[in-house]
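Line by line, the protein sequences are chains A and B.
The first sequence begins at 6 in this note's numbering and counts up one residue at a time.
The second sequence begins at 6 in this note's numbering and counts up one residue at a time.
Protein chains: 2
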Amino acid sequence: MNALGTHLLLELRDCDSKSLNDLHLVREMLTSTAERIGATVIGDSFHEFSPQGVTGVVAIAESHLCIHTWPEYEYAAVDIFTCGDSIDPEDAVPYIVTALDAGDHSVISLKRGILPAIPNAVGVPATAGSGV
Amino acid sequence: MNALGTHLLLELRDCDSKSLNDLHLVREMLTSTAERIGATVIGDSFHEFSPQGVTGVVAIAESHLCIHTWPEYEYAAVDIFTCGDSIDPEDAVPYIVTALDAGDHSVISLKRGILPAIPNAVGVPATAGSGV
């Protein structure tokens, strides 16, 4: 399919509440996941909320990862958006599921930037396009 | 519906290539859009790529906004994820479409965190939960 990017929407349920409320753990988990799947981290912003919950966004050379946690519901929403074919964002899923001790999870995979002008965008090396 | 957040996936086509490649414009556009819809910006990370393209992530108290641009295809992918019911993320769409001079666009709206344990999460004020 002529798409520029792949976007995973990860729903994590029955997670460990303490982990979801640990800014350091969540930040380390998401940035190390980015590195483990071969992405290049270029910036991030993480915040801890009162009384609970963490939000984090990680810009990578290949697009982004982000997380929002609700410890009181043992729930987290994670997005993994990558472009190019040098990275498979699905490789990130087991790391995240394990790190947050999610008892249940689901993944939706979407293609972004489906453009007829791209002959074979998904097959283009990450360095050949912009925004990657 | 018992959901914690609303996530808009915005596909912008036939945009102004020069705007898509202007880091300052893209950053100003996305952060001011967040503020215009009533969100509280708590951090951001923007980057310009060589030879072209911009990536930006904006953490807001209500979740996040992000953008990835491909000037060579006149295309941008934008996400707007908000929680609570104090903000309508769809209010952001006209600002973004106008700022990038998008000739064509589409929006997918998804609910995130659909949990049976939440009696009426969408109706809960943003300050009542965590991660919001």
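For every residue, glycine included, the Cβ atom is placed at its ideal position computed from N, Cα and C.
All values reported here derive from a predicted model rather than from experimental measurement.
Range covered by the alpha helix (DSSP H) that runs through residue i
| i | result |
| --- | --- |
| B:A39 | L28 to R41 |
Identified DSSP bridge partners for residue i
| i | result |
| --- | --- |
| B:S111 | B:E16 |
| B:Y78 | For B:Y78, which the question treats as bridged, DSSP gives no partner whatsoever. |
| A:G48 | A:A64 |
| A:V59 | A:E53 |
| A:A8 | A:I119 |
| B:L70 | B:V63 and B:I85 |
Alpha carbon of residue i to alpha carbon of residue j, nearest angstrom
| i | j | result |
| --- | --- | --- |
| B:I119 | B:A8 | 4 Å |
| A:L13 | B:E16 | 16 Å |
| A:L25 | B:M34 | 31 Å |
| B:E95 | B:C88 | 13 Å |
| A:T60 | A:F51 | 6 Å |
| B:L28 | B:R117 | 30 Å |
| A:Y78 | B:A122 | 7 Å |
| A:S114 | B:Y100 | 27 Å |
| A:G58 | A:W75 | 5 Å |
| A:S91 | A:D49 | 21 Å |
| A:R32 | A:V63 | 9 Å |
| A:D21 | A:T103 | 10 Å |
| B:R18 | A:T45 | 27 Å |
| B:P130 | B:E67 | Here the model assigns B:P130 a pLDDT of 41, short of 50, so the residue's position is not dependable and the matter cannot be decided. |
| B:P56 | A:K23 | 43 Å |
| A:G136 | B:H73 | With a pLDDT of only 40 at A:G136, under 50, the local geometry of the prediction cannot be trusted, and the value read off the model is given with reservation. Distance between the alpha carbons of A:G136 and B:H73 is about 6 Å. |
| A:S218 | A:A97 | Nothing can be reported for residue 218 of chain A: it is not among the residues displayed for chain A, which extend from 6 to 137. |
| A:C71 | A:A107 | 17 Å |
| A:V127 | A:G10 | The pLDDT assigned to A:V127 is 45, lower than 50, so where the model puts this residue is not dependable, and the model offers no usable value. |
| B:I47 | B:I65 | 5 Å |
| B:L30 | B:I42 | 18 Å |
| B:Y80 | B:E53 | 15 Å |
| B:T36 | A:D84 | 20 Å |
| B:G134 | B:T38 | For B:G134, the predicted structure reports a pLDDT of 40, less than 50, and the residue's modelled location is therefore unreliable. A value from the coordinates is still provided. The alpha-carbon atoms of B:G134 and B:T38 are separated by roughly 23 Å. |
| B:H69 | B:D109 | 23 Å |
| A:D93 | B:D93 | 33 Å |
| A:A82 | A:E40 | 19 Å |
| A:F86 | B:F86 | 14 Å |
| B:L105 | A:L105 | 38 Å |
Below-8 Å beta-carbon distance, residue i vs any chain D residue
| i | result |
| --- | --- |
| A:A44 | The chain labelled as chain D is not found among the protein chains of the depicted structure, namely A and B. |
What residues in the stretch 24–41 of chain A have a beta carbon less than 7 Å from any beta carbon of chain B? Within the stretch 24–41 of chain A, contact with chain B at the beta-carbon level (separation under 7 Å) is assigned to no residue.
Listed in chain order, which residues of the stretch 89–119 of chain B have Cβ atoms closer than 9 Å to some Cβ of chain A? Here the close residues are I113, L115, R117, G118 and I119.
Ignoring anything shorter than 4 residues, give me the alpha helix (DSSP H) runs that lie fully in the stretch 85–111 of chain A, in order along the chain. Whole alpha helix (DSSP H) segments, 4+ residues: 97–104.
Tell me which residues of the stretch 50–61 of chain B have at least one Cβ-Cβ distance to chain A shorter than 9 Å, keeping chain order. Answer set for the stretch 50–61 of chain B: S50, F51, H52, F54, S55, P56, Q57, G58, V59, T60 and G61.
Can you give me, in chain order, the residues of the stretch 65–76 of chain B that have a beta carbon less than 7 Å from any beta carbon in chain A? So the close ones are S68, H69, C71, H73, T74, W75 and P76.
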